[in-house]
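First the structure, in the form of structure tokens, and then the observations on it.
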Amino acid sequence: MMLLINPDDPRYRLDVKSMDETHLEFIELVNKLGSAHRDEFRILFEDLVEHTKAHFNAENELMHESGFPAIREHMGEHERILGDLNRMEMRVSLGNTLIPRAYVKDSLPGWLELHAQTMDSALTAHLKSRIQHTIQIDT
């Protein structure tokens, strides 16, 4: 299997278990897509879209529950990527995998790196500060 994203890269580990696990699942799907044959690509791309929707829904819920101040920007980025994925999924469903393959190889690895290091790291810092604040209040 061709690695488009190194699953051992520490940049994708933010020390929030649910987010780290979700990032690793996303990386695994992207890497499988990198070397998938046509029929397998279609199935895996559908899996990637569903996984990403669930991933973003879980993050959106965390942001709402914790009062994350940059929620609008973060959710806006989620909506942008879901729009891209939905457009690519439409192409895949019509049998056109050329552009979606390029998107997987050329766009998703860089997007995940940037998103994890900026938006997700800001969210994890916020979550950790909320936990620390709660611990200080309770003691």
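So for the sequence shown, UniProt numbering puts the first residue at 1; every next one is plus one.
Note that beta-carbon positions come from the ideal geometry of N, C-alpha and C, so glycine has one too.
Comparing alpha-carbon positions, the option among ASP15, ILE131, PHE26, HIS51 lying closest to TRP111 turns out to be PHE26.
For ASP39, the number of other beta carbons within 10 angstroms of its own is below 16, and it is reported as exposed. In the three-state reduction of the DSSP assignment, PHE68 falls in the coil class, being assigned neither a helical nor a strand state. Burial state of HIS64 is exposed, judged by a 10 Å Cβ sphere holding fewer than 16 other Cβ atoms.
Classified as exposed, PRO69 has fewer than 16 neighbouring CB atoms from the shown chains inside 10 Å of its CB.
Exclusion of the five residues before and after PHE41 leaves LEU33, VAL92, THR97, PRO100, ARG101 as the residues of its chain whose Cβ lies within less than 8 Å of its Cβ. In this structure, LYS105 places its C-beta atom within 8 Å of the C-beta atom of LEU4.
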